[in-house]
Structure formats: structure tokens, C-alpha cells
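Undergrad:
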Amino acid sequence: MQLSIRTPITRWARASNRRRIAEELIIALTWVGISLVVGAGLIRACELIIALGWASSDTWPSKTAQWAFTIWATGWVAKIAVTRGIWRYRKRRTRPRDFARFLDRRHRTHDLFETAMAVESSHAVGAEGLRSAILTRARERLAALSHPVVEPFREPQRTIAGIGLAAALVGLLPASAPGASVEPDHPQTEATQPIDVRAARMVEHAEWLSGFGRGPSLAPDARLLIGHAEQQLRTIGASRGHGLSQLTKAERALRSLRTRLHSGGLLDPVGLQAANTSTLMHELADALAHEHTDAAQPLAAELLQRLDTVDVEELASAAGLALGGPTRLEPGRLDRVLEQLQNRNVGAASVELHALSEDLAARPSPTSLSQTVEDALADLHDYRIERLAHANRPLPEHNDPVAPADGSIGRSTPSSERSSSDGRSSESRRSHGGDAGVSRIDRDTRRNPAESTVFASEQVPIPLDAIPSAEVRLVQRAEQGQRDSKDYQARYEHYRTVAESAMRSEEIPVTRRDYVRRYFQAIGGQAVGGRTP
Amino acid sequence: MSGSVSEERVEAAQKSLALLRAEIERRVIGQRSLVVESIVALLARGNVLIEGPPGLGKTLLVRVLSEALDLEFSRIQFTPDLMPADITGSQTLVQDERNVPRLEFRRGPIFANIVLADEVNRATPKTQSALLEAMQERAVTIGGARLALPAPFIVAATQNPIEMEGTYPLPEAQLDRFLLKLDVRFPSIEDLREIGLRTTGNDESATQIVIDRTTLIGLQDLTREIVVAPHVLDFAAHLTIATHPDAKNASDSIRRFVRYGASPRAMQALILAGRAHALVHGRAWVGEDDIRSVALPVLRHRMIPTFDARLEGVTNDKLIQELVARAPSLQATGS
Numbered sequence: 002m003q004l005s006i007r008t009p010i011t012r013w014a015r016a017s018n019r020r021r022i023a024e025e026l027i028i029a030l031t032w033v034g035i036s037l038v039v040g041a042g043l044i045r046a047c048e049l050i051i052a053l054g055w056a057s058s059d060t061w062p063s064k065t066a067q068w069a070f071t072i073w074a075t076g077w078v079a080k081i082a083v084t085r086g087i088w089r090y091r092k093r094r095t096r097p098r099d100f101a102r103f104l105d106r107r108h109r110t111h112d113l114f115e116t117a118m119a120v121e122s123s124h125a126v127g128a129e130g131l132r133s134a135i136l137t138r139a140r141e142r143l144a145a146l147s148h149p150v151v152e153p154f155r156e157p158q159r160t161i162a163g164i165g166l167a168a169a170l171v172g173l174l175p176a177s178a179p180g181a182s183v184e185p186d187h188p189q190t191e192a193t194q195p196i197d198v199r200a201a202r203m204v205e206h207a208e209w210l211s212g213f214g215r216g217p218s219l220a221p222d223a224r225l226l227i228g229h230a231e232q233q234l235r236t237i238g239a240s241r242g243h244g245l246s247q248l249t250k251a252e253r254a255l256r257s258l259r260t261r262l263h264s265g266g267l268l269d270p271v272g273l274q275a276a277n278t279s280t281l282m283h284e285l286a287d288a289l290a291h292e293h294t295d296a297a298q299p300l301a302a303e304l305l306q307r308l309d310t311v312d313v314e315e316l317a318s319a320a321g322l323a324l325g326g327p328t329r330l331e332p333g334r335l336d337r338v339l340e341q342l343q344n345r346n347v348g349a350a351s352v353e354l355h356a357l358s359e360d361l362a363a364r365p366s367p368t369s370l371s372q373t374v375e376d377a378l379a380d381l382h383d384y385r386i387e388r389l390a391h392a393n394r395p396l397p398e399h400n401d402p403v404a405p406a407d408g409s410i411g412r413s414t415p416s417s418e419r420s421s422s423d424g425r426s427s428e429s430r431r432s433h434g435g436d437a438g439v440s441r442i443d444r445d446t447r448r449n450p451a452e453s454t455v456f457a458s459e460q461v462p463i464p465l466d467a468i469p470s471a472e473v474r475l476v477q478r479a480e481q482g483q484r485d486s487k488d489y490q491a492r493y494e495h496y497r498t499v500a501e502s503a504m505r506s507e508e509i510p511v512t513r514r515d516y517v518r519r520y521f522q523a524i525g526g527q528a529v530g531g532r533t534p
Numbered sequence: 016m017s018g019s020v021s022e023e024r025v026e027a028a029q030k031s032l033a034l035l036r037a038e039i040e041r042r043v044i045g046q047r048s049l050v051v052e053s054i055v056a057l058l059a060r061g062n063v064l065i066e067g068p069p070g071l072g073k074t075l076l077v078r079v080l081s082e083a084l085d086l087e088f089s090r091i092q093f094t095p096d097l098m099p100a101d102i103t104g105s106q107t108l109v110q111d112e113r114n115v116p117r118l119e120f121r122r123g124p125i126f127a128n129i130v131l132a133d134e135v136n137r138a139t140p141k142t143q144s145a146l147l148e149a150m151q152e153r154a155v156t157i158g159g160a161r162l163a164l165p166a167p168f169i170v171a172a173t174q175n176p177i178e179m180e181g182t183y184p185l186p187e188a189q190l191d192r193f194l195l196k197l198d199v200r201f202p203s204i205e206d207l208r209e210i211g212l213r214t215t216g217n218d219e220s221a222t223q224i225v226i227d228r229t230t231l232i233g234l235q236d237l238t239r240e241i242v243v244a245p246h247v248l249d250f251a252a253h254l255t256i257a258t259h260p261d262a263k264n265a266s267d268s269i270r271r272f273v274r275y276g277a278s279p280r281a282m283q284a285l286i287l288a289g290r291a292h293a294l295v296h297g298r299a300w301v302g303e304d305d306i307r308s309v310a311l312p313v314l315r316h317r318m319i320p321t322f323d324a325r326l327e328g329v330t331n332d333k334l335i336q337e338l339v340a341r342a343p344s345l346q347a348t349g350s
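Just so you know, the sequences run in chain order A and B. Per the numbering used here, the first sequence starts with residue 2, numbered consecutively. Per the numbering used here, the second sequence starts with residue 16, numbered consecutively.
#1: Name the residues in the segment 298 to 316 of chain B whose C-beta lies less than 7 Å from a C-beta of chain A; which are they?
#2: Do A/Gly-214 and A/Gly-228 come within 8 Å of each other at the CB atom, strictly closer than that value?
#3: Got a sec, what are the start and stop residues for the beta strand (DSSP E) B/Leu-162 sits in?
#4: Is it the case that the Cβ atoms of B/Val-55 and B/Leu-75 are separated by a distance below 8 Å?
#5: Check the C-beta distance from A/Ala-201 over to A/Leu-234 and give it rounded, since I have them as a contact under 8 Å.
#6: Examine the Cβ distances between the segment 64 to 83 of chain B and the segment 219 to 234 of chain B and report whether three or more of them are shorter than 8 Å.
#7: Where does B/Ser-48 fall in DSSP's three states?
#8: So within the segment 465 to 492 of chain A, which uninterrupted beta strand (DSSP E) runs reach at least 3 residues, ignoring any that extend past its ends?
#9: Kindly indicate which three-state DSSP category B/Trp-300 falls into: helix, strand or coil?
#10: Would you say the segment 235 to 249 of chain B touches the segment 124 to 133 of chain A, given that touching needs at least three Cβ pairs under 8 Å?
#11: So, does the CB of B/Pro-279 fall closer than 8 Å to a CB anywhere in chain A?
#12: Identify the contact partners of B/His-253 in chain A, using a Cβ-Cβ distance below 8 Å as the criterion.
#13: Restricting to Cα atoms, I'd like to know which of A/Gln-477, A/Thr-278, A/Arg-256 and A/Thr-11 is closest to A/Arg-94.
#14: Tell me, please, whether the CB atom of A/Ala-162 is closer than 8 Å to any CB atom in chain B?
#15: What residue ranges within the segment 108 to 150 of chain B form continuous beta strand (DSSP E) runs of no fewer than 3 residues, ordered along the chain?
#16: Based on DSSP bridge pairs, tell me the residues matched to B/Leu-64.
#17: How many Å lie between B/Ala-284 and A/Thr-116 at the Cα?
#18: If you draw a straight line from the alpha carbon of B/Ala-27 to that of A/Ile-6, how long is it in whole angstroms?
#19: Select from A/Pro-510, A/Leu-113, A/Trp-73 and A/Ala-500 the residue whose C-alpha is nearest the C-alpha of B/Gly-297.
#20: Three-state secondary structure (DSSP) at B/Gly-70?
#21: Going along the chain, which residues of the segment 105 to 118 of chain A sit with their C-beta nearer than 9 Å to a C-beta in chain B?
#22: Would a check of beta-carbon distances place A/Ala-144 closer than 8 Å to chain B?
#23: Under 8 Å by Cβ, that's how I've got B/Leu-49 and B/Leu-197 pegged, so tell me the actual separation to the nearest angstrom.
#24: Would you decide whether A/Arg-497 is buried or exposed? Buried here means 16 or more other CB atoms lie within 10 Å of its CB.
#25: Is there a Cβ from chain A that is less than 8 Å from the Cβ of B/Ile-157?
#26: Cβ of A/Arg-85 less than 8 Å from any chain B Cβ?
#27: Residues in its own chain within less than 6 Å of B/Ser-89 by CB, not counting five upstream and five downstream?
#28: In whole angstroms, what separates the C-alpha of B/Val-170 from that of B/Asp-304?
#29: Identify every residue that forms a DSSP beta bridge with B/Thr-156.
#30: Could you give the C-beta distance for B/Ile-102 and B/Thr-142, rounded to a whole number, given that I count them as a contact under 8 Å?
#31: If you count every other CB in all the chains shown that lies within 10 Å of the CB of A/Thr-260, and 16 or more means buried, which is it?
#32: Strictly under 8 Å for the Cβ-Cβ distance: is B/Ala-244 near chain A by that measure?
#33: Rounding to the nearest angstrom, what Cα-Cα distance links A/Ile-50 and A/Val-171 in this structure?
#34: Could you tell me which chain B residues have their CB closer than 7 Å to the CB of A/Ile-135, listed as they occur along the chain?
#35: When you compare the CB of A/Val-78 with every CB in chain B, is at least one pair closer than 8 Å?
#36: For A/Gly-127, which residues in chain B fall below 8 Å Cβ to Cβ?
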């Protein structure tokens with residue numbers, strides 16, 4: 002039996018086609034690999050950008066979202082690559098006749114194999130004897146051939162080399178800024194929880210300011226400032242996606258309000274005199290109910306002035322209407338005023354109201370609004386610190402630069418962890434209740450804003466019977482005024498340099514930098530004009 | 016068995032043709048491609064139009080070919096006053112032994128195996144037609160009698176492309192009857208030295224007879240038995256159609272520079288010349304390369320150029336070379 006020409010050629014053509022399928026598959030997989038490597042590179046670049054502080058992780062898609070996008074994009078790349086592979090395969094597919102042509106080209110047989118296939122299928126014209134001769138010659142040549150390879154895997158080799166190079170480049174990409182340590186990724190829920198709490202606290206402050214700002218006797222500019230601060234705080238609370246710039250805006254608004262508060266009263270004297278008695282009484286009751294001390298005192302004084310001129314019955318009626326609920330400030334005082342008014346005992350009522358006004362005026366400063374402003378500023382600062390921490394920015398190591406001169410070596414702690422001097426956390430200073438869910442602030446805590454920030458210190462326990470370390474002794478001597486030693490100056494310079502560096506790198510809020518600088522001026526030696534803090 | 020016999024025939028033919036080629040190249044120096052093409056025309060029983068300046072060996076080539084094949088050779092110098100009867104022959108009044116007058120046909124120079132029609136474009140169209148009729152029909156009709164021309168019969172016409180004044184260019188329809196148009200190129204300096212060495216002495220040897228008439232007829236028959244596969248036919252067909260400016264896949268240059276493309280006779284000529292070319296190279300089958308090799312002499316006189324082509328000096332040769340270069344895409348796109 003004669004060897005068929007078509008059979009081996011068809012077999013080789015199929016083998017070539019299988020090779021091409023494998024080649025296209027490798028190319029498609031390589032594209033998918035390239036897509037994944039590029040995605041990983043971009044994610045890594047994102048991490049680097051965040052680590053360098055060029056962007057906040059809040060304003061950046063989360064890592065899960067980044068990977069989801071990468072996988073989605075890779076899916077599309079895979080679809081396109083597979084479609085392209087199918088299209089390319091259909092174009093490159095070798096039919097037996099094409100393979101015979103390929104053999105003829107490679108072995109310079111002048112169309113021998115292609116003609117032989119045509120002769121075999123009786124499609125060629127010519128003498129019978131010559132056709133047989135062609136078949137014989139083609140068989141002889143074919144028997145001498147080994148399995149020819151159509152094309153080497155050139156393209157996959159190139160792409161695989163390309164993906165390897167890309168992966169190597171991605172591997173070389175640093176994941177963190179030089180000199181900065183990146184904390185491991187936290188789960189999304191853990192990272193966002195404190196920020197949400199802070200945002201809710203901003204809303205609480207905004208609600209309080211809103212209640213305060215409703216008073217009709219407020220000066221117009223004070224009302225505007227309160228409204229602006231409230232709006233900024235609500236903006237923070239409405240979306241945690243805002244960047245640090247929003248925190249700065251709110252901080253500026255609160256500082257403006259604080260400045261206005263310190264420069265004079267918030268109430269408008271003209272508006273106060275123009276208001277009718279029942280309104281004043283209603284506002285007084287409302288201010289006492291909401292602990293608006295700084296609003297209640299001028300109202301009480303104004304009512305006291307009017308007692309001699311107004312109709313007692315009308316005043317008693319207004320007071321009765323105003324006292325709809327319990328008052329948290331000076332409980333029972335206003336009730337007693339009402340009782341005296343109802344008894345038409347204007348003198349006794351005047352005495353009670355005078356006492357109320359005096360007591361409110363005698364309350365230690367700051368007043369309720371200023372306390373709220375200070376709390377809000379402190380919370381804003383904490384919020385900023387937490388957001389920086391969330392953005393994988395290393396928290397400032399404040400232990401050395403802000404070490405108090407009282408012998409304790411301090412370090413900064415988030416406000417949620419630290420305790421105030423009376424041992425109560427900032428959260429515990431807030432009590433919820435009263436009307437309309439408006440939060441109230443415990444008036445027992447009066448803090449200097451500078452002390453309520455991250456610079457509160459942590460005591461380092463020193464056993465009484467132990468010999469204090471040189472470091473501790475140095476600080477203890479400084480506390481006693483011995484600050485001219487070289488060791489102290491060196492230590493002081495070191496602490497101050499670190500603090501300045503922290504301030505330059507924006508890790509210390511703008512509002513707190515003056516405190517830090519004043520502190521270091523205070524604890525400096527004679528050489529730097531220091532004094533006892 | 017028949018396969019091996021046929022293969023031996025092809026091998027024997029190749030040897031004979033190689034001898035013929037060597038013998039002609041020994042006499043005609045520096046015209047190797049011209050020699051091969053003239054053998055191709057001989058095997059294909061085709062007529063050739065040889066164009067070239069004087070002195071390049073056109074007449075010598077034809078004479079040597081006839082000598083090497085031991086064929087009867089005649090030369091007709093075409094002039095404007097040449098009459099058809101001067102070519103075909105005429106009946107003349109003669110007296111026999113009894114002095115009875117009778118008409119006797121005297122054969123003209125066309126009655127030869129190889130006829131050299133020198134400067135064919137110098138004769139009038141009427142005379143040219145007489146020759147071309149003989150070329151096509153391989154017979155002449157004189158006085159109502161049809162006389163067959165001897166076999167093998169080949170007309171080799173020459174043209175001088177330089178002196179065009181007082182000439183009658185061959186009409187396109189008549190040009191189509193030439194299987195090949197051979198372009199005689201000026202020999203190289205080495206070939207010129209060889210010509211000077213061999214042809215100016217006393218020792219110029221005579222041409223050896225390498226193939227006899229019977230063998231030649233057998234080779235011509237074998238040429239037509241050479242196997243042609245469908246893909247070669249496709250290739251030739253696509254190449255022919257691609258010369259037409261109104262073809263679907265015609266190139267821009269063809270559309271611009273060709274007024275009329277090659278006729279179906281060109282397709283026949285491509286296959287026939289391809290077969291002869293394959294046999295010259297000892298193959299029993301025609302390949303696409305054979306078609307490519309003969310495309311230039313087969314097609315160059317079958318394409319009518321436009322005025323733009325003449326104006327811009329674009330020759331048919333250039334267009335054909337371009338076509339052959341893009342031949343694979345011709346088959347891929349179809350026409």
C-alpha cells in the first residue's frame with residue numbers, strides 16, 4: 002500500500018494548529034498576567050502615595066475596591082485576549098494545503114507537495130505517467146522529512162519576558178516612603194469605626210450650637226459665627242470622605258467664634274431691651290434648661306431691671322408658660338421666682354431673680370458656649386490625628402519633646418484613650434438627655450484647651466526605693482530650676498528639634514503649635530530665656 | 016511502471032534541453048535568459064517577438080537555434096514594399112516537358128521550420144497580416160488551396176525599438192499572437208570581452224546539432240503533458256485578471272497606467288510557457304515559480320498602457336514585476 006501524501010501533511014497541520022492554540026492560550030494568559038501585574042503595581046503605587054502623604058486613605062479607594070477593580074479590569078483583559086486569540090487562531094490556522102505550501106517553501110521543492118496533494122485528489126491535469134512520477138517523488142521527499150515546526154514560540158517568549166520584567170519592576174517599587182514605617186493594613190471596619198464616632202461627635206457639637214444659635218437676643222455677628230461653625234461641623238459629620246482641609250475650615254470657624262466670645266458678650270443689648278418680657282422669660286427658661294449659662298445671665302439681669310415696671314400678673318403668666326420642664330442650671334430658683342410672682346410678692350421675686358443673676362455671673366469662666374467650642378476644637382484635633390493614623394501616617398512620637406518639667410516623661414495618646422485630671426474620659430464628660438436629644442456637656446470639667454490635647458502626659462512610675470535614671474534626674478533637676486547644665490541643654494535641644502520636626506511635617510495641628518512653642522520657651526534654660534513652666 | 020518511464024522521459028528531456036541551452040549559449044554570449052525564453056517558446060510551439068537594438072544577436076540566436084535543432088531556417092527581411100506573396104509564395108506560369116503551360120506553386124520563405132521575420136514592423140499591415148495568419152493557423156491558403164506549414168514551425172520576429180520612423184507598429188490583436196516577447200538586453204562588459212574573443216578569429220566553430228527534429232516534436236508533446244495543479248491555474252488566472260484596470264483587486268498603478276489588460280490567450284500562454292519552463296528545469300509539474308518566471312515575457316506585450324504611462328515612462332515590465340511581487344495577496348483576496 003502506497004503512503005498517502007495527504008495523511009502525514011494533515012497530521013502535521015493539526016499538530017501545528019494545536020501548537021498555535023497553545024501559543025494563543027499562553028499569549029492570552031500572559032496578557033492576564035500583565036494586567037494583574039499592572040494592577041498590583043498601581044495598588045502598590047497607591048500605597049506609596051498614601052505613605053508619602055500625598056493623599057489620604059479616606060479620599061482614596063480602599064484596598065478591597067482597588068483589588069476589585071483590578072480583577073474586574075483583568076476579567077475584561079481576559080475576555081479581549083481570548084477573543085483576540087480566537088481571531089488570531091482563525092487567521093493563522095493551517096490547512097493541509099497551506100502546510101504543503103509551507104513545506105514547499107521551506108524545502109524549495111517548487112510546489113511538489115501541493116501538486117502531489119492535487120494529483121492525489123485527482124484535481125491536477127497532466128499525463129498519467131507524470132502524475133505517478135510526481136507522487137513517487139513527493140513520497141520520497143516526504144519520507145526524508147522529520148516533523149517540521151511551523152513557527153517557534155517567538156511571541157509568547159517576548160510577552161513572558163515582558164511580564165517578568167514588569168513584575169520585577171513592580172517588585173522594586175517601594176511600598177512605603179523612605180524612612181516611614183507603614184502599619185499593616187487594618188480591616189476596613191476597624192479603620193472606619195473611630196472616624197465615624199468622631200464624625201458623630203461633630204454632629205453633636207453642631208446640634209448644640211444650633212440650639213444656642215436659635216436665641217433671638219443673640220448679636221447678629223455672633224449668630225453668623227455660630228451658624229458658620231455649626232455648618233462646618235455638620236459638613237464633617239455628614240460625610241467622612243472630606244479631607245483634612247474641611248477639618249481646618251471647621252477649626253478656623255470655631256476659633257473665630259472663640260475670639261468673638263472672648264472679645265465681648267454674644268447678646269445684643271439693643272435687641273435685649275426691645276424684646277418683650279414673656280420672650281425674655283421664655284429664653285431664660287430655655288437657657289437654664291439647656292445650660293446656656295452665658296445666655297441666661299444677661300437675660301436674668303434684664304428681667305430683674307424690668308420687675309419694677311412690668312405688670313406682675315403678665316410676668317407670672319409668662320414665667321408659668323416658660324417653665325414647662327425642669328432646669329438643669331440652678332434647679333428650683335426660677336420656680337421660686339414664679340411662686341413669688343404669683344403671690345404678687347415682687348420684692349421677694351426680685352431678690353430671687355437677683356440671686357439667680359448673681360449666681361450665674363459668679364459661675365467660673367468659661368461659659369457653656371466657650372466650653373463647647375473648646376471641646377469641639379479638641380475633638381477636631383483628635384479627629385485629625387485619627388485620620389492621619391488611618392492614612393497609615395505614623396503618629397508623632399511626642400514622648401520626648403513634650404515631656405513636662407515636673408519629672409514625668411510623657412508621650413502622646415489619643416484622646417479616646419487618655420484621661421483627664423479628674424480621671425474621667427472626654428466621653429464621660431458628656432451626658433445625653435434633655436429635650437430633642439440635644440447632648441449636653443458636663444459643666445464640672447473645665448479644662449484648658451492646651452491641656453486637653455495630645456500633649457497630656459503619661460506618668461512614668463518611679464519606684465520610691467529605686468535609684469532614678471540619669472534621664473529622670475535630669476528632668477527633676479530642671480524642675481528645681483537647674484537648667485543650665487550641658488546635659489539638660491543637649492536633651493532640651495533634642496526634644497525641641499523633634500517637636501519642631503513634627504510641627505513642620507504637619508503632624509501637630511496649627512492651633513496647637515503655639516502651645517508647643519511656648520512650652521519649649523518655658524522649659525528652656527537661661528541661655529534660651531526659659532522660665533519655670 | 017508508467018510513472019518511472021515518464022520520469023525517465025522528463026530526465027532525458029532535461030538533459031537534451033540542457034545540451035541545447037549550452038550549445039546556444041556557446042554561440043550567443045551574454046544572453047542567458049533570452050536563450051531559456053527562446054527554448055521555452057520552442058517547446059510551447061509559440062512564436063516570439065524579439066525586441067532590441069541592432070547588433071545584440073537577435074538574428075544569430077534564431078539561426079543558432081535552427082542549426083542546433085537541425086531545422087530548416089529562413090529569413091525574411093521586412094520592408095515597406097514587401098508583398099504577402101513574397102512571404103507565402105505564389106503560383107507562376109511554367110511549361111512542362113511538352114511545353115504545355117501550367118500554374119506551379121513556388122513556396123515562399125514561410126515554408127521553413129524557423130522563420131526569422133526581421134524588422135517585422137517595417138512591412139505594411141497587409142504583409143504583416145499574411146505572416147500573422149500563417150503563425151496562427153500554421154498553414155497558408157494560396158489559390159484556394161490550403162497548404163500546411165512544416166512542423167515544427169516557429170516564427171521569430173524582430174523589432175528595433177529605436178528607429179520608429181517609417182514603421183508600422185503591430186496592432187495589439189496581432190501582438191497577442193506572439194507567445195513571448197523577448198527583450199534583448201545589452202551584454203555586460205565581461206560578456207562583451209567574451210564576444211570579442213570568440214567571434215573575431217578564424218576558429219569560430221560551427222553549431223553542433225544536439226536535438227533532432229523528431230526529438231524536438233517529442234519534447235513539444237511532453238511539454239503539454241506536464242502536470243498543472245489547481246493552485247497554479249488559480250495563480251495564473253488571478254495574475255491575468257490582475258492586469259485589468261477594472262478588476263476588483265487591481266492596484267492603483269494598474270488602474271492608472273493600463274488601458275486594457277491581458278486576454279484569456281495570455282492565461283493560456285502563461286500555463287503553456289510555465290509547462291515548458293518546468294520541463295527545461297527537469298520538473299514534471301508546474302509550480303507558481305514557473306508562472307512567475309514566464310510572466311514578464313508573456314504579459315509585457317499584452318497590456319496596453321495609458322497615455323499617462325507613456326508620459327511618466329512607466330513600462331509594462333515595471334507593472335508586471337509589481338504584480339508578481341504582490342501575487343500571494345492576489346490569490347488571498349480573489350478577484
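Yeah, the Cβ is synthetic: ideal placement off N, Cα and C, and Gly gets one too. Model, not experiment: these values are computed from the prediction.
TA: Taking the structure as given:
#1: Within the segment 298 to 316 of chain B, the qualifying residues are Arg-298, Ala-299, Trp-300, Gly-302, Glu-303 and Asp-304.
#2: The residue labelled residue 228 of chain A in the question sits at position 227 within the first sequence. The residue labelled residue 214 of chain A in the question sits at position 213 within the first sequence. Yes; because the gap between Cβ atoms is below 8 Å, this pair is in contact.
#3: The sequence position of residue 162 of chain B within the second sequence is 147, counting from 1. Element bounds for B/Leu-162: 160 to 163.
#4: Within the second sequence, numbered from 1, the residue matching residue 55 of chain B stands at position 40. Within the second sequence, numbered from 1, the residue matching residue 75 of chain B stands at position 60. Contact flag unset, no.
#5: What you label residue 201 of chain A is simply residue 200 of the first sequence in a count that begins at 1. What you label residue 234 of chain A is simply residue 233 of the first sequence in a count that begins at 1. The pair is not a contact, with the Cβ atoms about 11 Å apart (cut-off 8 Å).
#6: yes
#7: Here residue 48 of chain B corresponds to residue number 33 of the second sequence, with the count starting at 1. DSSP places B/Ser-48 in helix when its eight states are reduced to three.
#8: For the segment 465 to 492 of chain A, not a single whole beta strand (DSSP E) run of length 3 or above is found.
#9: Within the second sequence, residue 300 of chain B is the residue found at index 285, counting from 1. Of the three classes helix, strand and coil, the one that applies to B/Trp-300 here is strand, per DSSP.
#10: yes
#11: Translated into the one-based positions of the second sequence, residue 279 of chain B becomes position 264. Answer no: the Cβ-Cβ gap between B/Pro-279 and chain A never drops below 8 Å.
#12: Against the second sequence, residue 253 of chain B aligns to sequence position 238. The premise fails here: B/His-253 is roughly 15 Å from chain A at the closest Cβ pair, so nothing lies under 8 Å.
#13: Position 93 of the first sequence, counted from the first residue, corresponds to residue 94 of chain A. Among A/Gln-477, A/Thr-278, A/Arg-256 and A/Thr-11, the Cα nearest to that of A/Arg-94 is on A/Thr-11.
#14: Counting from one through the first sequence, the residue named residue 162 of chain A turns up at place 161. Judged by the 8 Å Cβ criterion, A/Ala-162 is not in contact with chain B.
#15: 116 to 122 and 129 to 133
#16: On the second sequence, position 49 is the one that residue 64 of chain B refers to. Its beta-bridge partners are B/Ala-172 and B/Lys-196.
#17: Here the question's residue 284 of chain B lines up with position 269 in the second sequence. Here the question's residue 116 of chain A lines up with position 115 in the first sequence. Between the alpha carbons of B/Ala-284 and A/Thr-116 lies a gap of roughly 20 Å.
#18: Translated into the one-based positions of the second sequence, residue 27 of chain B becomes position 12. Translated into the one-based positions of the first sequence, residue 6 of chain A becomes position 5. Taking the straight line joining both Cα atoms gives about 26 Å.
#19: Here the question's residue 297 of chain B lines up with position 282 in the second sequence. With distances taken between Cα atoms, B/Gly-297 lies closest to A/Leu-113.
#20: To locate residue 70 of chain B, count along the second sequence from 1; it is residue 55. In the structure shown, B/Gly-70 sits in coil (DSSP, three-state: anything other than H, G, I, E or B).
#21: Asp-105, Thr-110, His-111, Asp-112, Leu-113, Glu-115, Thr-116, Ala-117 and Met-118
#22: If you number the first sequence from 1, residue 144 of chain A lands on position 143. Output row for A/Ala-144: interface = no.
#23: Stepping through the second sequence from its first residue, residue 49 of chain B is reached at position 34. Stepping through the second sequence from its first residue, residue 197 of chain B is reached at position 182. So it is a contact: roughly 6 Å between Cβ atoms.
#24: The residue labelled residue 497 of chain A in the question sits at position 496 within the first sequence. Label assigned to A/Arg-497: buried.
#25: In the second sequence, the residue the question calls residue 157 of chain B occupies position 142. No - not a single Cβ of chain A is within 8 Å of the one on B/Ile-157.
#26: The residue given as residue 85 of chain A occupies position 84 in the first sequence. Cβ-Cβ to chain B under 8 Å: no for A/Arg-85.
#27: Residue numbering aside, residue 89 of chain B sits at position 74 when the second sequence is read from its first letter. The answer, listed in chain order, is Pro-124, Ala-127 and Val-130.
#28: The sequence position of residue 170 of chain B within the second sequence is 155, counting from 1. The sequence position of residue 304 of chain B within the second sequence is 289, counting from 1. Going by the C-alpha atoms only, they are around 27 Å apart.
#29: Start at 1 with the first residue of the second sequence, and residue 156 of chain B comes out as number 141. Beta-bridge pairing links B/Thr-156 to B/Arg-161.
#30: Numbered from 1 along the second sequence, position 87 holds the residue referred to as residue 102 of chain B. Numbered from 1 along the second sequence, position 127 holds the residue referred to as residue 142 of chain B. The Cβ separation is near 7 Å, so the contact holds.
#31: Working through the first sequence from its first residue, we reach residue 260 of chain A at position 259. By the 10 Å Cβ count, A/Thr-260 comes out exposed.
#32: Locating residue 244 of chain B in the second sequence gives position 229, where the first residue counts as 1. With 8 Å as the cut-off, B/Ala-244 counts as an interface residue toward chain A.
#33: What you label residue 50 of chain A is simply residue 49 of the first sequence in a count that begins at 1. What you label residue 171 of chain A is simply residue 170 of the first sequence in a count that begins at 1. When rounded, the distance between both Cα atoms is 15 Å.
#34: Here residue 135 of chain A refers to the residue found at position 134 when the first sequence is read from its first residue. Under the 7 Å cutoff, chain B gives Val-242, Ala-299 and Trp-300.
#35: Taking the first residue of the first sequence as 1, we reach residue 78 of chain A at position 77. A/Val-78 does not count as touching chain B.
#36: Locating residue 127 of chain A in the first sequence gives position 126, where the first residue counts as 1. Residues of chain B passing the Cβ test: Glu-240, Ile-241, Val-242, Val-243, Ala-299 and Trp-300.
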